Amino acid sequence: MYDTEKLGTDVNQTETKISARNVQVYYGDTHAIKDVNVDIDAKSVTAFIGPSGCGKSTFLRCINRMNDTIDVCRVEGDIKIDGEDIYDKRVDPVQLRAKVGMVFQKPNPFPKSIYDNIAYGPRIHGLAKNKADLDEIVEKSLRRGAIWNEVKDRLHAPGTGLSGGQQQRLCIARAVATEPEVLLMDEPCSALDPIATAQVEELIDELRDQYSVVIVTHSMQQAARVSQKTAFFHLGNLVEYGDTSQIFTNPKDERTESYITGRIG
Amino acid sequence: MNDQHIVSAFDRDLEGIQAHVMKMGGLVEAAIGEAANAMVARDQELAEQVRAADKAIDALEELINERCANLIALRAPAAVDLRVVLSVMKIAGNLERIGDYAKNMAKRTSVLVHMEQVEGAHASLKRMAHEVQLMLKDVLDAFIQRDVDLARDVLERDEGVDQMYNALFREFLTFMMEDPRYITPCMHLHFMAKNTERMGDHVTAIAEQVVYLVTGSMPEDARPKATRLDA
Amino acid sequence: MTDTTQNTGAVTPISSLHTLDARTKRRNAAENRFKLYGMIAIGIGLLMLVTLLTTILSKGTGAFTQTFVTMEVELLESKLDKSGERDLEKIKKVTTFGYAPLIKTAFEKTVEIHGIETDLKSKTMAKILSKSAASQLRNYVIANPDQIGQTIEFRFLANSRVDGYMKGRVTRDSIANDKNITPAQLDFVDQLIEAGALKKTFNIDFIIGADASDQRPEAAGIGVAMMGSLFMMLVVLALALPIGVAASIYLEEFAPKNWITDIIEVNISNLAAVPSIVFGILGLAVFINYMHLPQSAPLVGGLVLTLMTLPTIIISTRAALKAVPPSIRDAALGVGASKMQAVFHHVLPLAAPGILTGTIIGLAQALGETAPLLLIGMIGFIASNMPETVGEGLLSPNSAMPAQIYEWAKRADPAFYERAWGGIIILLIFLISMNTLAVLLRRRFERRW
Numbered sequence: 079m080y081d082t083e084k085l086g087t088d089v090n091q092t093e094t095k096i097s098a099r100n101v102q103v104y105y106g107d108t109h110a111i112k113d114v115n116v117d118i119d120a121k122s123v124t125a126f127i128g129p130s131g132c133g134k135s136t137f138l139r140c141i142n143r144m145n146d147t148i149d150v151c152r153v154e155g156d157i158k159i160d161g162e163d164i165y166d167k168r169v170d171p172v173q174l175r176a177k178v179g180m181v182f183q184k185p186n187p188f189p190k191s192i193y194d195n196i197a198y199g200p201r202i203h204g205l206a207k208n209k210a211d212l213d214e215i216v217e218k219s220l221r222r223g224a225i226w227n228e229v230k231d232r233l234h235a236p237g238t239g240l241s242g243g244q245q246q247r248l249c250i251a252r253a254v255a256t257e258p259e260v261l262l263m264d265e266p267c268s269a270l271d272p273i274a275t276a277q278v279e280e281l282i283d284e285l286r287d288q289y290s291v292v293i294v295t296h297s298m299q300q301a302a303r304v305s306q307k308t309a310f311f312h313l314g315n316l317v318e319y320g321d322t323s324q325i326f327t328n329p330k331d332e333r334t335e336s337y338i339t340g341r342i343g
Numbered sequence: 005m006n007d008q009h010i011v012s013a014f015d016r017d018l019e020g021i022q023a024h025v026m027k028m029g030g031l032v033e034a035a036i037g038e039a040a041n042a043m044v045a046r047d048q049e050l051a052e053q054v055r056a057a058d059k060a061i062d063a064l065e066e067l068i069n070e071r072c073a074n075l076i077a078l079r080a081p082a083a084v085d086l087r088v089v090l091s092v093m094k095i096a097g098n099l100e101r102i103g104d105y106a107k108n109m110a111k112r113t114s115v116l117v118h119m120e121q122v123e124g125a126h127a128s129l130k131r132m133a134h135e136v137q138l139m140l141k142d143v144l145d146a147f148i149q150r151d152v153d154l155a156r157d158v159l160e161r162d163e164g165v166d167q168m169y170n171a172l173f174r175e176f177l178t179f180m181m182e183d184p185r186y187i188t189p190c191m192h193l194h195f196m197a198k199n200t201e202r203m204g205d206h207v208t209a210i211a212e213q214v215v216y217l218v219t220g221s222m223p224e225d226a227r228p229k230a231t232r233l234d235a
Numbered sequence: 052m053t054d055t056t057q058n059t060g061a062v063t064p065i066s067s068l069h070t071l072d073a074r075t076k077r078r079n080a081a082e083n084r085f086k087l088y089g090m091i092a093i094g095i096g097l098l099m100l101v102t103l104l105t106t107i108l109s110k111g112t113g114a115f116t117q118t119f120v121t122m123e124v125e126l127l128e129s130k131l132d133k134s135g136e137r138d139l140e141k142i143k144k145v146t147t148f149g150y151a152p153l154i155k156t157a158f159e160k161t162v163e164i165h166g167i168e169t170d171l172k173s174k175t176m177a178k179i180l181s182k183s184a185a186s187q188l189r190n191y192v193i194a195n196p197d198q199i200g201q202t203i204e205f206r207f208l209a210n211s212r213v214d215g216y217m218k219g220r221v222t223r224d225s226i227a228n229d230k231n232i233t234p235a236q237l238d239f240v241d242q243l244i245e246a247g248a249l250k251k252t253f254n255i256d257f258i259i260g261a262d263a264s265d266q267r268p269e270a271a272g273i274g275v276a277m278m279g280s281l282f283m284m285l286v287v288l289a290l291a292l293p294i295g296v297a298a299s300i301y302l303e304e305f306a307p308k309n310w311i312t313d314i315i316e317v318n319i320s321n322l323a324a325v326p327s328i329v330f331g332i333l334g335l336a337v338f339i340n341y342m343h344l345p346q347s348a349p350l351v352g353g354l355v356l357t358l359m360t361l362p363t364i365i366i367s368t369r370a371a372l373k374a375v376p377p378s379i380r381d382a383a384l385g386v387g388a389s390k391m392q393a394v395f396h397h398v399l400p401l402a403a404p405g406i407l408t409g410t411i412i413g414l415a416q417a418l419g420e421t422a423p424l425l426l427i428g429m430i431g432f433i434a435s436n437m438p439e440t441v442g443e444g445l446l447s448p449n450s451a452m453p454a455q456i457y458e459w460a461k462r463a464d465p466a467f468y469e470r471a472w473g474g475i476i477i478l479l480i481f482l483i484s485m486n487t488l489a490v491l492l493r494r495r496f497e498r499r500w
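In order, the protein sequences belong to chains P, X and G. Numbered as in our numbering, the first sequence ends at 343 without a single skipped number. Numbered as in our numbering, the second sequence ends at 235 without a single skipped number. Numbered as in our numbering, the third sequence ends at 500 without a single skipped number.
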């Protein structure tokens with residue numbers, strides 16, 4: 079018989095990459111995120127689930143300070159990556175976003191060539207010394223994005239000409255091209271068909287050994303399939319956070335249970 | 005927690021499989037009782053009826069398994085719903101085995117009818133069967149009412165059944181040593197007692213499923229150990 | 052009905068799909084009526100457009116042709132260069148009066164050559180030519196002094212009455228009270244036509260030439276005004292495009308959304324609706340009276356038109372920026388681009404076709420604008436021809452196409468009226484080609500994402 083207790087501690091022993099303490103987010107007068115505390119593991123996939131408007135995307139966008147671009151948005155509390163407060167005055171969001179890559183809901187390649195899509199990030203961050211370097215980064219990133227074989231013969235074709243699933247993998251490749259440590263994904267499969275979704279999920283699973291992936295998803299099944307830990311948000315609160323297998327078989331909170339079993343919650 | 009799913013057909017499906025389990029449980033309960041009665045009354049006809057009734061139980065198990073498979077495939081149940089489906093499948097399996105044991109008792113009754121009657125043993129065996137039947141009734145109630153306490157109670161009562169079996173075992177041993185003519189009927193009766201004891205174990209397994217269904221984890225304390233045959 | 056039902060065994064439908072109920076009929080009728088109204092409206096619009104175009108074309112095309120009299124002229128050295136030194140300074144001293152006798156002689160000769168019988172004196176004959184005929188000849192001689200002493204074939208501009216006679220505007224009845232021309236002269240014109248000396252041909256001078264005085268409508272051209280317009284457009288382009296685009300980018304991408312920016316936004320929209328004459332007054336007050344910039348100068352005109360065009364450019368640029376999907380900005384920010392990099396590397400290139408289109412349309416609007424130009428005096432009368440006016444550029448007085456058209460339409464002589472229509476044709480050609488360019492740019496660079 080397995081000692082489940084011991085397995086549990088093994089999971090907990092992994093290193094914490096992102097730690098959030100008492101995070102509050104306000105949109106003008108709306109209190110969108112209420113007192114969220116969470117420790118996100120390094121090199122694992124953490125899923126945020128919850129009904130629409132529960133604040134999961136908002137919280138995700140706090141992690142790379144994408145909320146800074148919204149005037150009325152105010153973030154309080156601490157979010158630390160590797161122990162460094164990312165809302166510290168000394169932190170430049172641009173630098174932070176190179177370290178914390180992001181993939182969006184709708185595949186949004188730049189209307190440029192596939193090559194330029196990948197090369198853009200390394201170029202602006204000065205990661206390549208010369209053309210050969212850049213070529214190498216592009217190839218490596220496309221391979222990591224599991225799309226190299228599909229596009230290697232048409233690197234200079236427009237990225238917008240690819241299928242939806244390919245575009246999304248291109249966007250993931252673009253995100254990893256800047257050598258991030260954390261990858262945030264905001265409903266990356268919501269615009270994709272099931273096959274493309276499966277391919278992206280497979281890719282996410284592969285990315286796990288190099289990056290800390292945080293994924294927001296509306297599909298509970300997807301969260302169950304790709305993540306090691308799951309956080310359930312409801313009305314701006316982090317209701318429950320734990321191992322995915324536990325959340326999906328035996329959630330502790332009634333609201334979590336109602337949500338994942340498809341009852342009115 | 006709200007009891008109703010947003011998709012009401014999901015509720016209907018879940019209720020459907022549980023209703024089938026209850027129906028199956030009822031049939032099995034009756035089979036145990038009748039098998040015991042047939043044994044005491046040496047009623048061959050009743051024994052035949054019990055053997056025939058097992059077909060319905062088997063068919064129900066098949067139906068429940070099919071429904072559960074569909075439910076998993078189509079509705080992707082999670083958390084408590086998943087546990088319901090999983091425990092229903094296991095309970096149906098356990099009930100089916102109990103039904104088989106009852107059938108086996110009936111079969112042996114048909115043989116025993118033509119043999120010397122072993123005085124006194126029948127009553128003890130019937131008491132044991134009755135106890136198992138009660139446990140089954142209770143565990144089914146616990147299942148449908150999600151009553152963990154009742155399920156735990158059933159778990160503990162299994163020890164009583166085991167002790168009854170041990171007592172019967174010694175009794176049969178004595179009979180056989182006293183008179184070799186009793187060896188054949190006593191062997192049959194011993195198997196029936198063993199069957200009843202196994203029924204008790206399956207009822208225990210069902211009780212464990214009920215605890216898992218409600219709490220999400222198997223009962224912490226290890227199940228009462230099965231009979232030690234070092235006597 | 053029942054028969055068929057029995058035959059096929061089908062169930063009788065509760066309501067047949069093959070017959071329309073009253074409600075459906077009414078609805079369809081209403082829809083058809085609406086379509087009809089739409090077609091009528093479009094028809095009226097098209098009819099007006101066709102009327103407009105045919106009127107403009109029928110009245111304006113005449114301006115592109117002009118009547119000329121071709122004669123052999125002997126450039127007598129004794130009259131034009133008494134010294135015989137071919138010294139340009141001395142040749143220039145001979146005024147147009149010195150050339151008049153040559154023209155008279157040329158007429159006498161022409162009559163002789165073609166065997167035209169007429170009672171008219173050579174002085175009266177010469178009256179059928181434009182008042183600028185002598186200066187025309189003089190300009191030619193000054194440009195080609197080596198021709199002096201030779202006999203050349205020269206094309207003289209005919210008088211506007213003669214031109215009008217050729218174009219049907221002037222008849223023997225209409226000149227009853229006209230001092231400028233007599234029926235006898237018209238008879239002479241007829242004889243010249245027969246002889247082939249008087250012809251109506253295409254007149255390039257109308258397109259490239261300068262304006263002319265009230266007395267000589269036949270010599271007037273729109274070319275100089277065109278240059279004035281061109282200079283103004285250059286000023287508008289050089290000022291409005293960078294200012295407008297910079298303002299829009301800041302407002303759209305960087306400015307915080309608060310009541311100040313709201314007020315600015317509302318005011319920009321309002322400015323676009325401000326009558327152009329207000330900008331004219333503003334220009335007059337600020338640029339001329341306060342800053343003492345020269346009147347009638349394309350620089351001032353350009354500044355005023357810049358003010359007028361800015362809101363248009365800002366509004367269209369902001370619309371173009373808004374049309375760029377936010378996902379592109381997110382994508383750029385997501386890979387760690389700064390706000391400015393996101394805007395300049397990704398948003399602006401995508402918005403460029405829209406910005407260009409808006410700018411061109413703004414320019415076209417400015418090109419056709421008249422009222423503010425009248426107020427700042429962009430109706431300079433420039434009679435000297437092209438090379439002299441072009442060089443002086445932004446600060447020398449000039450006119451603009453619409454102002455020139457307005458000027459001509461105002462003058463008494465119907466020959467000017469024709470030129471006004473001709474000017475409108477040219478202006479329209481400019482506007483249409485600019486709009487076409489805008490459409491082409493949009494088509495060419497429009498991207499789908």
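Think of the CB as a built atom: it goes at the ideal place given N, C-alpha and C, for glycine as much as any other residue. Being a predicted model, the structure only gives us computed values, none of them experimental.
To test your reading of the DSSP string, which unbroken beta strand (DSSP E) runs of 3 or more residues are found completely within the region 415-485 of chain G?
Qualifying beta strand (DSSP E) stretches: none in this window.
Can you tell me whether residue 377 of chain G is buried or exposed, with buried defined as 16 or more other CB within 10 angstroms of its CB?
When all chains shown are included, residue 377 of chain G counts as exposed.
For residue 79 of chain G and residue 94 of chain G, what's the separation of their Cα atoms in angstroms?
Answer to the nearest angstrom: the Cα atoms are 22 Å apart.
If you follow the alpha helix (DSSP H) that residue 104 of chain P is part of, which residue opens it and which one closes it?
That residue, residue 104 of chain P, is in no alpha helix (DSSP H); its beta strand (DSSP E) goes 94-105.
Identify, in the order they occur along the chain, each residue of the same chain with its Cβ nearer than 6 Å to the Cβ of residue 402 of chain G, setting aside the five sequence neighbours on each side.
For residue 402 of chain G, where only same-chain residues beyond five positions count, the Cβ hits under 6 Å are 371, 372, 375.
With DSSP collapsed to three states, give me the class of residue 344 of chain G.
In the structure shown, residue 344 of chain G sits in coil (DSSP, three-state: anything other than H, G, I, E or B).
Using a Cβ cut-off of 9 Å (strictly closer), state whether residue 246 of chain P contacts chain X.
Closer than 9 Å: no.
Give the residues of chain X in contact with residue 196 of chain P, contact being defined as C-beta atoms less than 7 Å apart.
Per Cβ cutoff of 7 Å: no residues; residue 196 of chain P is ~36 Å from chain X at best.
State the CB to CB distance for the pair residue 477 of chain G and residue 258 of chain G, rounded to an integer number of angstroms; the pair is presumed to be in contact (CB under 8 Å).
With a Cβ gap of about 7 Å, residue 477 of chain G and residue 258 of chain G count as contacting.
Looking at the unbroken alpha helix (DSSP H) that takes in residue 252 of chain G, where does it start and where does it end?
Residue 252 of chain G -> not in any alpha helix (DSSP H); beta strand (DSSP E) instead, spanning 249-253.
If distances are taken between C-alpha atoms only, which option among X/92, X/16, X/161 comes closest to residue 28 of chain X?
When each option's Cα is compared against that of residue 28 of chain X, the closest is X/92.
Determine the DSSP secondary structure at residue 81 of chain P, reduced to helix, strand or coil.
Any reading at residue 81 of chain P must be qualified, since the residue scores a pLDDT of 43, below 50, and its modelled position is unreliable; no value is offered.
With residue 357 of chain G as the anchor, note down where its alpha helix (DSSP H) starts and where it stops.
349-374 is the span of the alpha helix (DSSP H), which, as asked, contains residue 357 of chain G.
Which residues of the region 192-218 of chain P have a Cβ closer than 7 Å to any Cβ of chain X? Give them in chain order.
Per Cβ criterion, the list is empty.
According to DSSP, is residue 199 of chain X part of a helix, a strand, or is it coil?
Reduced to three states, the DSSP call for residue 199 of chain X is helix.
Anything in the region 312-339 of chain P with a Cβ closer than 9 Å to a Cβ of chain X? List those residues in chain order, please.
Residues 324, 325, 326, 327, 328, 329, 330, 332, 333, 334, 335, 336, 338, 339.
Any Cβ of chain X within less than 9 Å of the Cβ of residue 276 of chain P?
For residue 276 of chain P, the answer is no, since every Cβ of chain X falls outside 9 Å of its Cβ.
Output yes or no for whether 9 Å exceeds the beta carbon distance between residue 428 of chain G and residue 346 of chain G.
It is a contact, given that the beta carbons lie within the stated cut-off.
Determine, for residue 299 of chain P, whether the minimum Cβ-Cβ distance to residues of chain X falls below 9 Å.
Output row for residue 299 of chain P: interface = yes.
Counting C-beta neighbours from all protein chains within 10 Å, is the total for residue 329 of chain P 16 or more, i.e. buried, or is it exposed?
Buried.
According to a CB-to-CB cut-off of less than 7 Å, which residues of the region 361-385 of chain G neighbour chain P?
Correct list: 378, 379, 381, 382, 384, 385.
Is residue 310 of chain G buried or exposed, if buried means 16 or more other CB atoms sit within 10 Å of its CB?
It counts as exposed.
Which whole-angstrom value is the C-beta distance of residue 207 of chain X and residue 140 of chain X, which I expect to be below 8 Å?
So it is a contact: roughly 5 Å between Cβ atoms.
Kindly provide the ranges of any alpha helix (DSSP H) runs that are 4 or more residues long and lie completely inside the region 221-253 of chain P, ordered along the chain.
Here the runs fully enclosed are 226-229.
In chain P, which residues lie with their C-beta within 9 Å of the C-beta of residue 307 of chain G?
Neighbours of residue 307 of chain G on chain P, chain order: 149.
In chain order, what are the residue ranges of uninterrupted alpha helix (DSSP H) at least 4 long that sit wholly in the region 146-228 of chain X?
Entirely contained in the region 146-228 of chain X, the alpha helix (DSSP H) runs reaching 4 residues are, in chain order, 152-182, 187-219.
Is it the case that the Cβ atoms of residue 284 of chain G and residue 353 of chain G are separated by a distance below 9 Å?
Taking 9 Å as the Cβ cut-off, residue 284 of chain G and residue 353 of chain G qualify as a contacting pair.
Using a Cβ-Cβ cut-off of 7 Å (strictly less than) and excluding sequence neighbours within five positions of residue 60 of chain X, which residues of its own chain qualify?
31, listed in sequence order.
List the residues of chain G whose Cβ lies closer than 8 Å to the Cβ of residue 252 of chain P, in chain order.
Per Cβ cutoff of 8 Å: 382, 386.
Excluding the 5 residues preceding and the 5 following residue 364 of chain P in the sequence, name in chain order all residues of the same chain whose CB lies nearer than 6 Å to its CB.
Nothing about residue 364 of chain P can be reported from this structure: the residues present for chain P run from 79 to 343 only.
Please list the terminal residues of the continuous beta strand (DSSP E) segment that includes residue 307 of chain P.
Counting along the chain, the beta strand (DSSP E) containing residue 307 of chain P begins and ends at 307-312.
What residues are listed by DSSP as bridge partners for residue 207 of chain G?
Answer by DSSP bridge pairing, in chain order: G/120.
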